[in-house]
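**Q** Pasting a structure below so you can have a look.
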Amino acid sequence: MTALAPDVIEETSFLRDALRAFRKNRMAMVGLFFVVTLILAAVFAPWISPHDPYRVALDEQLLPASSTYWLGTDNFGRDILTRILYGARVSLVVGTVPSLIALMIGTVMGILSGYLGGRTDFVVMRLADMMISFPSLLLAMVVMYTLGANLLNIFIALALVGWASVARVVRSQTLALKGKEFIEAARANGASRATIMFRHIFPNVVPTLIVLFSLSIPDAIMWESSLSFLGVGVQPPGSSWGLLVAKGKEYLFQAPLVAIAPGVAILLTVLAFNFIGDGLRDALDPSMKD
12 MTALAPDVIE
22 ETSFLRDALR
32 AFRKNRMAMV
42 GLFFVVTLIL
52 AAVFAPWISP
62 HDPYRVALDE
72 QLLPASSTYW
82 LGTDNFGRDI
92 LTRILYGARV
102 SLVVGTVPSL
112 IALMIGTVMG
122 ILSGYLGGRT
132 DFVVMRLADM
142 MISFPSLLLA
152 MVVMYTLGAN
162 LLNIFIALAL
172 VGWASVARVV
182 RSQTLALKGK
192 EFIEAARANG
202 ASRATIMFRH
212 IFPNVVPTLI
222 VLFSLSIPDA
232 IMWESSLSFL
242 GVGVQPPGSS
252 WGLLVAKGKE
262 YLFQAPLVAI
272 APGVAILLTV
282 LAFNFIGDGL
292 RDALDPSMKD
């Protein structure tokens, strides 16, 4: 029978304890349940949505909630619930993809800055400071106005906005790790800089990256909603929650659900991801508990 190495046992124990702590966090579990339900609803929207999201019925404009249209209809007679389900697809993708891109860029830049130091650190951190000091929404709007309003450019704009904060966090952890004994041992054994950075330092910042990723998704959803609301995000006939709110505000007093329903969807989704992020933070780093 083969015995497990001590580091493997320690890692397994850490993951088990983190999972147990996450499960004990009721708000995190509520958030996880909501997000999983939302993802399933978005994936299976063509099968579970009650109506065609692009069907126009001008004789059914701005109808109130009923057994046929659970949340009523918009100014084109389209079912609001169906539009929200399809909008969840766009909002979740826009929340996830740019956050992942920003995470990868910020991780690489943060590790390089923290470990190499010197001019590399100076250049990366001044660039990050410049990005952070510039209003995020305004920067994203400039990118969208310059490149054009489409989904790919939204990815670029939000990734450009989000990488700097990740880089600063990863840099601070790299600075703390590079003086540790196991890094010194790797250096003494002749390990290259690349090996030390991405085989020894990177695995130790993964828990922090998981938390940052979970907390950056609601930010990206809010930014996309804001861009679409301002007319430089997703364009008609596409469906995103920000666009639905923007179009629905014109009929707020005639049919409040046209704007309120997608707004509530944004609110609940952002809260759910924040609950998950807080739960992951507490589970992976107990010292950060309030």
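The sequence shown begins at 12 in our numbering and counts up by one. Virtual Cβ for every residue (Gly too), placed ideally from N, Cα, C.
Tell me whether the stretch 180-193 and the stretch 121-128 touch, counting them as touching only if at least three CB pairs, one residue from each stretch, are closer than 8 Å.
**A** Short answer: they touch.
**Q** Which one or two residues does DSSP pair with Thr107 in a beta bridge?
**A** In the DSSP output, where bridge partners are listed per residue, Thr107 has none listed.
**Q** From Val222, Ala56 and Asp90, pick the residue whose C-alpha is nearest to that of Asp303; which is it?
**A** This structure cannot speak to residue 303, because the chain is shown only from 12 to 301.
**Q** Indicate whether the contact test is met: 3 or more Cβ pairs, each with one atom in the stretch 106-125 and one in the stretch 167-183, closer than 8 Å.
**A** Taking 8 Å as the limit for Cβ pairs, the verdict is that the stretch 167-183 does touch the stretch 106-125.
**Q** According to DSSP, is Asp28 part of a helix, a strand, or is it coil?
**A** Three-state result, Asp28: helix.
**Q** Out of Ala99, Phe45 and Asp85, which has the shortest C-alpha to C-alpha gap to Ser236?
**A** Checking every option, the nearest Cα to that of Ser236 belongs to Ala99.
**Q** Comparing the CB of Ala139 with every heavy atom of the ligand COA, is any distance shorter than 7 Å?
**A** Ligands displayed in this structure: none; no statement on the ligand COA is therefore possible.
**Q** Please say whether Pro229 and Phe284 have beta carbons closer to each other than 8 Å?
**A** It is a contact, given that the beta carbons lie within the stated cut-off.
**Q** Looking at Ser227: is its Cβ nearer than 8 Å to the Cβ of Ser110?
**A** Yes, Cβ-Cβ distance for Ser227 and Ser110 is below 8 Å.
**Q** Between Val243 and Leu254, how many whole angstroms is the CB-CB distance? I'm expecting something under 8 Å.
**A** The pair is not a contact, with the Cβ atoms about 11 Å apart (cut-off 8 Å).
**Q** On the three-pair Cβ rule with 8 Å, is the stretch 132-150 touching the stretch 253-269?
**A** They do not touch, by the three-pair rule.
**Q** Hey, how far is the Cα of Met155 from the Cα of Lys191?
**A** Going from the Cα of Met155 to the Cα of Lys191 covers about 43 Å.
**Q** Can you check which of these residues, Leu69, Tyr65, Arg198 and Gly88, is closest to Val76 by C-alpha distance?
**A** The question names Val, but residue 76 in the sequence shown is Ala. Comparing Cα positions, the closest option is Gly88.
**Q** Run the CB neighbour count on Ala16, radius 10 Å, all protein chains shown included, and call it buried at 16 or more, exposed below.
**A** Caution applies to Ala16, whose pLDDT of 39 falls short of 50 and renders its modelled position unreliable; the value that the coordinates give is listed next. Exposed: under 16 other Cβ atoms inside 10 Å.
**Q** What number of angstroms, rounded off, separates the C-alpha of Asp28 from the C-alpha of Ser239?
**A** Asp28 and Ser239: Cα-Cα distance of roughly 41 Å.
**Q** Contact check, Tyr232 vs Gly106 under 8 Å by CB: the rounded distance?
**A** The sequence shown places Ile at residue 232, rather than the Tyr named in the question. Right, their Cβ atoms sit about 4 Å apart.
**Q** Are the Cβ atoms of Leu74 and Ile287 separated by less than 8 Å?
**A** No. Outside cutoff.
**Q** Cutting at 6 Å between CB atoms, please list the residues of its own chain near Leu92, excluding the five before and the five after it.
**A** Here the set comprises Trp81 and Leu82.
**Q** On a CA-only basis, which of Ile122, Ala151 and Leu162 is nearest Ala337? Give me that one, please.
**A** Nothing about residue 337 can be reported from this structure: the residues present for the chain run from 12 to 301 only.
**Q** Pro57: which of Leu96, Ser147 and Ile50 sits nearest, CA to CA?
**A** Comparing Cα-Cα distances from Pro57 to each of Leu96, Ser147 and Ile50, the minimum goes to Leu96.
**Q** Measuring only the C-alpha atoms, how far is Ile271 from Thr280?
**A** C-alpha separation (whole angstroms): 14 Å.
**Q** Please state the DSSP three-state secondary structure of Ala16.
**A** Interpretation of Ala16 is limited by its pLDDT of 39, a score under 50 that renders its predicted location unreliable; the figure taken from the coordinates is listed afterwards. Note: Ala16 maps to coil in three-state DSSP.
**Q** Look up Thr185 in the DSSP assignment and say whether it is helix, strand or coil.
**A** Note: Thr185 maps to helix in three-state DSSP.
**Q** According to DSSP, simplified to helix, strand and coil, what is Thr84?
**A** Thr84: strand per DSSP, three-state reduction.
**Q** Please work out which residues of its chain come closer than 6 Å, Cβ to Cβ, to Ala160, disregarding the five sequence neighbours upstream and downstream, and give them in chain order.
**A** Here the set comprises Val243 and Gln246.
**Q** Rounded to a whole number of angstroms, what is the C-alpha to C-alpha distance between Ser102 and Thr84?
**A** If you take the alpha carbons of Ser102 and Thr84, they lie about 21 Å apart.
**Q** How far does the alpha helix (DSSP H) with Gly42 in it reach, from first residue to last?
**A** Note, Gly42: alpha helix (DSSP H), Arg37 to Val54.
**Q** Indicate the three-state DSSP secondary structure (helix, strand or coil) for Asp301 in the structure shown.
**A** Low local confidence applies: a pLDDT of 46 at Asp301 is under 50, so the model's placement there is unreliable, with the coordinate-based value given in what follows. Residue state, collapsed to three classes: coil.
**Q** Grab me the residues of Phe33's own chain with a C-beta within less than 7 Å of its C-beta, minus the 5 sequence neighbours each way, in chain order.
**A** Ala39, Gly290, Leu291 and Ala294, listed in sequence order.
**Q** Can you name, in chain order, every residue of its own chain whose Cβ lies under 8 Å from the Cβ of Asn215, other than the five neighbours on each side?
**A** Around Asn215: Gln184 and Leu188.
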